[in-house]
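Protein chains: 2
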Amino acid sequence: MVVRSTIMDTNSFRPEHASELDEATRQLTAKRERLLGESYRLFYRRPVHLVKGLGQYLWDANGDKYLDVYNNVASIGHCHPAVIAAVNEQMQSLNTHTRYLHERILSYSEELLETMPSEINKAMYMCTGSEANDLAMRIAHAYSGGTGIIVSQEAYHGTSALTSGASPALGSGQPLSPNTGLLASPDHYRLAGQDVGVWLADRMQEKIDEMTTNGIQFAGFMADSIFSSDGVLPGNAGFLKPAIDVVHKNGGIFIADEVQPGFARTGEAFWGFARHGVIPDVVTSGKPMGNGIPVSGLFAKQEVLAAFSDQIPYFNTFGGNPVAMAAAQAVLNVIKEEGLQAHSAQVGQQLLNELKGLQEKYDCVGDVRGAGLFIGFELVSDKESKTPNKALALDLIEKLRERKVLTSVAGPHGNVLKLRPPLAFQAHDIDWLVGALDDALHMIL
Amino acid sequence: MVVRSTIMDTNSFRPEHASELDEATRQLTAKRERLLGESYRLFYRRPVHLVKGLGQYLWDANGDKYLDVYNNVASIGHCHPAVIAAVNEQMQSLNTHTRYLHERILSYSEELLETMPSEINKAMYMCTGSEANDLAMRIAHAYSGGTGIIVSQEAYHGTSALTSGASPALGSGQPLSPNTGLLASPDHYRLAGQDVGVWLADRMQEKIDEMTTNGIQFAGFMADSIFSSDGVLPGNAGFLKPAIDVVHKNGGIFIADEVQPGFARTGEAFWGFARHGVIPDVVTSGKPMGNGIPVSGLFAKQEVLAAFSDQIPYFNTFGGNPVAMAAAQAVLNVIKEEGLQAHSAQVGQQLLNELKGLQEKYDCVGDVRGAGLFIGFELVSDKESKTPNKALALDLIEKLRERKVLTSVAGPHGNVLKLRPPLAFQAHDIDWLVGALDDALHMIL
Numbered sequence: 001m002v003v004r005s006t007i008m009d010t011n012s013f014r015p016e017h018a019s020e021l022d023e024a025t026r027q028l029t030a031k032r033e034r035l036l037g038e039s040y041r042l043f044y045r046r047p048v049h050l051v052k053g054l055g056q057y058l059w060d061a062n063g064d065k066y067l068d069v070y071n072n073v074a075s076i077g078h079c080h081p082a083v084i085a086a087v088n089e090q091m092q093s094l095n096t097h098t099r100y101l102h103e104r105i106l107s108y109s110e111e112l113l114e115t116m117p118s119e120i121n122k123a124m125y126m127c128t129g130s131e132a133n134d135l136a137m138r139i140a141h142a143y144s145g146g147t148g149i150i151v152s153q154e155a156y157h158g159t160s161a162l163t164s165g166a167s168p169a170l171g172s173g174q175p176l177s178p179n180t181g182l183l184a185s186p187d188h189y190r191l192a193g194q195d196v197g198v199w200l201a202d203r204m205q206e207k208i209d210e211m212t213t214n215g216i217q218f219a220g221f222m223a224d225s226i227f228s229s230d231g232v233l234p235g236n237a238g239f240l241k242p243a244i245d246v247v248h249k250n251g252g253i254f255i256a257d258e259v260q261p262g263f264a265r266t267g268e269a270f271w272g273f274a275r276h277g278v279i280p281d282v283v284t285s286g287k288p289m290g291n292g293i294p295v296s297g298l299f300a301k302q303e304v305l306a307a308f309s310d311q312i313p314y315f316n317t318f319g320g321n322p323v324a325m326a327a328a329q330a331v332l333n334v335i336k337e338e339g340l341q342a343h344s345a346q347v348g349q350q351l352l353n354e355l356k357g358l359q360e361k362y363d364c365v366g367d368v369r370g371a372g373l374f375i376g377f378e379l380v381s382d383k384e385s386k387t388p389n390k391a392l393a394l395d396l397i398e399k400l401r402e403r404k405v406l407t408s409v410a411g412p413h414g415n416v417l418k419l420r421p422p423l424a425f426q427a428h429d430i431d432w433l434v435g436a437l438d439d440a441l442h443m444i445l
Numbered sequence: 001m002v003v004r005s006t007i008m009d010t011n012s013f014r015p016e017h018a019s020e021l022d023e024a025t026r027q028l029t030a031k032r033e034r035l036l037g038e039s040y041r042l043f044y045r046r047p048v049h050l051v052k053g054l055g056q057y058l059w060d061a062n063g064d065k066y067l068d069v070y071n072n073v074a075s076i077g078h079c080h081p082a083v084i085a086a087v088n089e090q091m092q093s094l095n096t097h098t099r100y101l102h103e104r105i106l107s108y109s110e111e112l113l114e115t116m117p118s119e120i121n122k123a124m125y126m127c128t129g130s131e132a133n134d135l136a137m138r139i140a141h142a143y144s145g146g147t148g149i150i151v152s153q154e155a156y157h158g159t160s161a162l163t164s165g166a167s168p169a170l171g172s173g174q175p176l177s178p179n180t181g182l183l184a185s186p187d188h189y190r191l192a193g194q195d196v197g198v199w200l201a202d203r204m205q206e207k208i209d210e211m212t213t214n215g216i217q218f219a220g221f222m223a224d225s226i227f228s229s230d231g232v233l234p235g236n237a238g239f240l241k242p243a244i245d246v247v248h249k250n251g252g253i254f255i256a257d258e259v260q261p262g263f264a265r266t267g268e269a270f271w272g273f274a275r276h277g278v279i280p281d282v283v284t285s286g287k288p289m290g291n292g293i294p295v296s297g298l299f300a301k302q303e304v305l306a307a308f309s310d311q312i313p314y315f316n317t318f319g320g321n322p323v324a325m326a327a328a329q330a331v332l333n334v335i336k337e338e339g340l341q342a343h344s345a346q347v348g349q350q351l352l353n354e355l356k357g358l359q360e361k362y363d364c365v366g367d368v369r370g371a372g373l374f375i376g377f378e379l380v381s382d383k384e385s386k387t388p389n390k391a392l393a394l395d396l397i398e399k400l401r402e403r404k405v406l407t408s409v410a411g412p413h414g415n416v417l418k419l420r421p422p423l424a425f426q427a428h429d430i431d432w433l434v435g436a437l438d439d440a441l442h443m444i445l
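Those protein sequences? They're chains A and B, same order as listed. So in UniProt numbering, the last spot in the first sequence is 445, and the numbers never skip. So in UniProt numbering, the last spot in the second sequence is 445, and the numbers never skip.
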């Protein structure tokens, strides 16, 4: 049995670290412990107290500057002036809900749907990726008549009851729904030499058959196409297609969870699914959509969505409100105006090349893989065994923190550095990151 | 069997109304139909195209001014400068998440928890009321070990899969969860002469016993203490207490859903539950918390929350982020600085008195009831039969819309006008509202 790392036991502050903290930080952590629910976790043994952000940089209360290589919420850069201005302007005129007419939701929907295959022609808005995925799963149920949802082995799809039951990354404390099927991760690194596309399609058919045997009707497959919580597994473009064909052949729908790869992040395409040449039935988005203003969306084929909408009312009070749409529109404008998709492809490739230098240099750097500015940096005991080295990964992110580089870990073993900076990350930032990695690895080893 | 009105078949625009519209409005409704999911519903046969808001007023694209007697999201008034400034200021410096230290979430939590009984000492943040209630139900499950949740007969608690299954107001298209028990609405108007507190406590015990008989372990009772979707049933302060005592005696928890009555709305208390002298185990909030910036919260007794938090990770990406907290803090400041709770009590009472004048004048106005600026105005065939008159209520809100007064309907029969203006509503607005109501009733009858 694989012992899974969870969000609980990886990169997080624990009370026993308190003695290492300076007085101001200790007071803040103590106040958090007193006031906030115990679910709240802080990153790092020495938590970071941030007070300012701009572009790809963050500053702490001491004035120290950090390079942000983790946060995709501030997708186009922290405190981007275009989003600040758009939100401020809309807040000054109106912020109500979608039961009155407003133009912003329509112009944004029109423009965003144009980035998708024409089959996907309906938009809905919520506030979080969890809400979008919760609704997507209900749509899958309504459309297929089934309840069985397949997700990847280490998927994370949200915090609601329904999405948590389809999020094995939450660990064994959170029981999976009996209607959830787990598809093996497309771990190209360890499946080297195999045609992962064919392999994954075979696993998909097995899982669907298993569900059928268990009396559960298959409803659909939900996946983040970059498999972020499985350890950042971009794979080669197109490898997902055979598996999606299997999904459709078996009457299920494909829900592309674009909370991670969407909005130009992968460089190769505006959406993660587009890298694979597949047409989802439902697309969900969240984190990077409003640069920190809570907004999420669900985009679907009309006939798929109708199976739900014809029966069940759905109204999300804040979803698609004028201020949320103003933020989302500003983000979309900036991605286009600043050419961030091409930028992500180019700088991402440059960074990847530099990181591959470290891979050659260190036996413990087993694999470096990425699409655009979404890169996994996998630490192992040695290149031969490929044994995941979680302790090294955790040590490394603490050492990076000391060198003012912020990132975190991912994957079933918590041994993969998730390098996912704001798209404002520039070529001239590469030295800081790669230098810090090199230095830290050199020091640890 | 009671045929329930649902959100689908009450105050909403339908395509067959399109011919009555001016060209600009028709274009917008057509564009919505083309681009947005069919779940989207517009208020009114002639939808309102809003472009501007300030305080208790809204303006449409033609420049016509409306009195807002419906929207509690813009709780302290549309486009309140304090919220605009706080959000703008915070957006200029930083907007990340709660895995880094930040002071705003702590200072806000400290101040907000002070408005609650000392037993409620832990805060968590999400983005919507649905997310807060979804988590609250999961906490009830974890703490009690049971799954049975009792809600009121016409309750609405959210859009997620779990909360929708506990929201009979969504109508028969949305199946209730088999773990949901329905408690009869405390309809003081039709229970006249009875001690509703004792009556409700008896119904509660019956429902819990029924659950037990059905093999479902009771987990808790979730209620909006003003019973908004049951038709706005504030009742007399304190009537809920005996029912909550029954909940606790049977090992369940009480979840106070404060999305409707919270944040000074009822005038008599800052929180709806406080009107009843009860101590909830979990409190949820949403709509009025950030004046339109998506933010919600869950506040709980430490030992109740711990049953969940000890086992299950929970992280809400946007929840409690610095900008959401800045908006929430500004709302709280304004409620205190502008004395909005006392204001709500005073102006609400004045408005109630004026509306009672209409009740005396018209046989079709069966009941007028309220707490602060949350008032139900119930239309019936006649005072003797108390038969709900939905057609009249729907007609009336359309007539009010013509007189530039915005409101909508509530209740199982859709015959109760829900009068719930921003707390910026002033004594001098009463004439507009009451005059329009008088005029419209006079015209219809």
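By construction, the Cβ of each residue, glycine as well, lies at the ideal position given by its N, Cα and C atoms.
Amino acids of chain A, ordered along the chain, whose beta-carbon sits closer than 7 Å to that of residue i
{"i": "GLY366/B", "result": "None at all; the shortest Cβ gap to chain A is about 26 Å."}
{"i": "LYS404/B", "result": "The contacting residues do not exist; LYS404/B stays about 13 Å from chain A at best."}
{"i": "GLN346/B", "result": "Within 7 Å Cβ-Cβ: nothing; GLN346/B doesn't reach chain A, min ~26 Å."}
Residue burial classification, residue i (beta-carbon count within 10 angstroms, cutoff 16)
{"i": "VAL2/A", "result": "Confidence is the limiting factor: at VAL2/A the pLDDT is only 42, short of 50, which leaves the residue's position unreliable and the question unanswerable from this model."}
{"i": "HIS428/B", "result": "exposed"}
{"i": "LEU445/A", "result": "exposed"}
{"i": "SER5/A", "result": "Its pLDDT being 47, under 50, SER5/A is placed unreliably in this model, and the value from its coordinates should be taken loosely. SER5/A should be labelled buried."}
{"i": "LYS361/B", "result": "exposed"}
{"i": "VAL232/B", "result": "buried"}
{"i": "ARG369/A", "result": "buried"}
{"i": "MET443/A", "result": "exposed"}
{"i": "ALA155/A", "result": "buried"}
{"i": "ARG14/B", "result": "exposed"}
{"i": "ASP382/B", "result": "exposed"}
{"i": "residue 461/A", "result": "Given that chain A is displayed from residue 1 to residue 445, the structure contains no residue 461/A and the question cannot be resolved."}
{"i": "VAL198/B", "result": "exposed"}
{"i": "ALA324/B", "result": "buried"}
Cβ distance (whole Å) where residue i is taken to contact residue j below 8 Å
{"i": "VAL283/B", "j": "ALA256/B", "result": "5 Å"}
{"i": "GLY148/A", "j": "ILE253/A", "result": "The pair is not a contact, with the Cβ atoms about 12 Å apart (cut-off 8 Å)."}
Closer than 8 Å at the beta carbon, the chain B residues around residue i
{"i": "GLN92/A", "result": "CYS79 and ILE84"}
Per-residue contacts from residue i into chain A (C-beta, under 8 Å)
{"i": "ALA324/B", "result": "PRO294"}
{"i": "PRO280/B", "result": "None at all; the shortest Cβ gap to chain A is about 15 Å."}
Amino acids of chain B, ordered along the chain, whose beta-carbon sits closer than 9 Å to that of residue i
{"i": "HIS49/A", "result": "TYR100, LEU101, HIS102 and GLU103"}
{"i": "THR407/A", "result": "By Cβ distance, chain B contributes nothing, its closest Cβ being about 12 Å from THR407/A, past 9 Å."}
{"i": "GLY146/A", "result": "Result: empty, since nearest Cβ-Cβ is about 15 Å, beyond 9 Å."}
{"i": "GLY173/A", "result": "ASP310, GLN311, ILE312 and PRO313"}
Partners in chain B for residue i, counting only beta-carbon separations shorter than 7 Å
{"i": "LYS331/A", "result": "As written in the sequence, residue 331/A is Val, which differs from the Lys given in the question. Result: empty, since nearest Cβ-Cβ is about 13 Å, beyond 7 Å."}
{"i": "ASN71/A", "result": "THR96"}
9 Å Cβ cut-off: residues of chain A touching residue i
{"i": "GLY53/B", "result": "SER93, LEU94, ASN95 and THR96"}
{"i": "ALA161/B", "result": "ASP134, LEU135, MET137, ARG138, HIS141, SER160, ALA161, LEU162 and THR163"}
- Quick one: which residues of the stretch 111 to 142 of chain B get their C-beta closer than 9 Å to a C-beta of chain A? List them in chain order. Residues LEU113, ASN121, LYS122, ALA123, MET124, TYR125, MET126, CYS127, THR128, GLY129, SER130, GLU131, ASP134, LEU135, MET137, ARG138 and HIS141.
- Query: Are the stretch 62 to 81 of chain A and the stretch 309 to 317 of chain A touching by the rule of at least three beta carbon pairs closer than 8 Å?
  - Reply: With the cut-off at 8 Å, the stretch 62 to 81 of chain A and the stretch 309 to 317 of chain A do not touch.
- Below 8 Å, can you find three or more Cβ-Cβ pairs linking the stretch 214 to 229 of chain B to the stretch 243 to 254 of chain B? yes
- Are the stretch 172 to 192 of chain A and the stretch 202 to 213 of chain A in contact at 8 Å, needing three or more beta carbon pairs? yes
- Relative to chain A, which residues along the stretch 243 to 277 of chain B have a C-beta separation below 9 Å, given in chain order? VAL259
- How about the stretch 271 to 290 of chain A and the stretch 89 to 106 of chain A: do they share at least three Cβ pairs that are nearer than 8 Å? No, the stretch 271 to 290 of chain A is not in contact with the stretch 89 to 106 of chain A.
- Task: Output, in sequence order along the chain, the residues in the stretch 26 to 42 of chain A whose CB is closer than 9 Å to any CB in chain B.
- Result: The stretch 26 to 42 of chain A vs chain B, Cβ under 9 Å: LEU28, THR29, LYS31, ARG32, ARG34, LEU35, LEU36, GLY37, GLU38, SER39, TYR40, ARG41 and LEU42.
- Task: Examine the Cβ distances between the stretch 407 to 420 of chain A and the stretch 7 to 21 of chain B and report whether three or more of them are shorter than 8 Å.
- Result: Counting C-beta pairs closer than 8 Å gives fewer than three between the stretch 407 to 420 of chain A and the stretch 7 to 21 of chain B, which falls short of the contact rule.
- At a Cβ cut of 9 Å, what residues of the stretch 301 to 320 of chain A count as close to chain B, listed as they run along the chain? When CB distances to chain B are screened at a threshold of 9 Å, the residues of the stretch 301 to 320 of chain A falling below it are GLN302, LEU305, ALA306, PHE308, SER309, ASP310, GLN311, ILE312, PRO313, TYR314, PHE315, ASN316, THR317, PHE318, GLY319 and GLY320, in chain order.
- Query: Taking three-plus beta-carbon pairs below 8 Å as touching, is the stretch 290 to 310 of chain B in contact with the stretch 114 to 126 of chain B?
  - Reply: yes
- Item | Touch test, the stretch 325 to 340 of chain A against the stretch 258 to 274 of chain A, Cβ-Cβ under 8 Å, three pairs minimum | yes
- Taking one C-beta from the stretch 47 to 58 of chain A and one from the stretch 130 to 137 of chain B each time, how about it: are there three or more such pairs within less than 8 Å? In short, these stretches do not touch, since the Cβ pair count stays below three.
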